[in-house]
Every structure is written in C-alpha cells, then in structure tokens.
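J.: Those protein sequence lines, which keep their order, are chains A and B. In terms of the numbering used here, the first sequence is residues 1 to 108. In terms of the numbering used here, the second sequence is residues 1 to 114. Here's a structure for you.
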Amino acid sequence: GQSLEQPSEVTAVEGAIVQINCTYQTSGFYGLSWYQQHDGGAPTFLSYNALDGLEETGRFSSFLSRSDSYGYLLLQELQMKDSASYFCAVIRDDKIIFGKGTRLHILP
Amino acid sequence: EAGVVQSPRYKIIEKKQPVAFWCNPISGHNTLYWYLQNLGQGPELLIRYENEEAVDDSQLPKDRFSAERLKGVDSTLKIQPAELGDSAVYLCASSSSGGEETQYFGPGTRLLVL
C-alpha cells in the first residue's frame, strides 16, 4: 500500500518542543521528506531522511526508522511563525507521495 | 535566484469553460511537477516531466486535463471543460533530476469553478 499516517492536528505552546509523527506503509521505500506550508503559501522543503537516524537543521530535526516504517519531525523552541501545516512525503520508485498534513497550532 | 513562477495566481471560471495554468521552473531544473491540492489535503501529483518527456502521468484525468512542456522549460496545464470539482489549488514544482525528495514549489494557482 501507499498510505501515510500523520495526526491531523497538534497543539503546542510557544517556546516548547513538539514532535509530529509519520508512519508509512509502502513498498519500494527510498526516503522520507518533510515540508512546511503556511496558509495560502507554497509547500517549503524542510528535511530529508534516507537512512535511519536523526538529521538536524537548526530548530528542526527529522528522524527515520526504516525497520519501523516510522519517522518524525521535531520542532524545538517553537515560535508563533511555526504555525503551519507539516507534510511528510514518501519517496518511492522515483515518486513522491504526500501525507494529508498535520496542522500545528501554537499557543502563546 | 528566482523561484518557481506560476500564473495566474487566481482564476474564477464557469463550469464547462476551459482554463490554462502556466509554470516556469527554477533555472536548470530538468524535472517539473504539477500537483493538485484540495483544502486540508496534501499535494497530489498530476504529472511529472523529465525535460520535455512526461514520465509519470498516471494520475492525470486525461479526458479533460492535458499538459505540455514543449521545450523542456516552461509548462502549461489545461483543463477543458472545467467541472465544479476541479476547484482547488494547482501547484507547480521543480527539482534537479533525481532530486525528487527536494522539490521547490511555486505559489500555486487558486481555481474556483462556478
């Protein structure tokens, strides 16, 4: 199958840490990407994992476990501007398949 | 460096009318994608080009949708005739060849079919 599962909404407090999970069921899996999309804006690439482990880019980190078909995006020191939708996307056989997205709400 | 350019940004048409969207990818990006995004959903691939060749159009509703990338740079996506259910955001993205994990998206065209 090609299903991707991620929570539809997550709420966190400014300054805190939040983790957005993504599980996938797909054959031919190659890697997992994460994108951010603000309301009315275009999706913007955040990170990519092809190998197990943690990739860190500033306040954002992404993790992948191929054996568990699972990954997550970790956002630290949350800022109000991080309020957006976050999509995990599976790279499979030269295709990219996006999840339905997780809407992140940040409370002051 | 200029990003992916799309036009128009907004389009309102009546059902059964034709509509066309234009995309100019990032310079040097051989791969171009057209996506459809409904409200609250992730982008869904319609077609992918490698240079001027459509290498994946399996999700393109070919009875009413068509696309072209004649010179391997700009691309046009057309709907004829449009239906009410076509109302959505149409996103264009580009990447380097083999770099599908890192795509650069344009601002999209918001289509409303009345």
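Glycine included, C-beta positions come from ideal geometry on N, C-alpha and C. Keep in mind it's a predicted model, so treat the numbers as computed, not measured.
1) Can you tell me the Cα-Cα spacing of A:Gln-37 and A:Ala-89, whole angstroms?
2) Assign B:Leu-114 to one of three DSSP states: helix, strand, or coil.
3) Out of curiosity, what's the CA-to-CA distance linking B:Val-4 and A:Ala-12?
4) Please compile the residues from chain A whose C-beta is within a distance smaller than 8 Å of the C-beta of B:Glu-100.
5) Taking contact to mean at least 3 C-beta pairs separated by less than 8 Å, is the region 61–71 of chain A in contact with the region 12–23 of chain B?
6) What's the gap between the Cα of B:Gly-106 and the Cα of A:Asp-68?
7) Hey, does A:Ala-42 have any beta-carbon neighbour from chain B nearer than 7 Å?
8) Starting from the Cα of B:Gly-99, find the closest Cα among A:Tyr-24, A:Leu-104 and A:Gly-31 and give me that residue.
9) So with Cβ pairs under 7 Å, would you call A:Ser-67 a contact of chain B?
T.: In brief:
1) 13 Å
2) coil
3) 32 Å
4) Ile-91, Asp-94, Lys-95 and Ile-96
5) Flag = no, the region 61–71 of chain A and the region 12–23 of chain B do not touch.
6) 33 Å
7) yes
8) A:Gly-31
9) In terms of beta-carbon proximity, A:Ser-67 stays away from the interface with chain B, with every pair separated by 7 Å or more.
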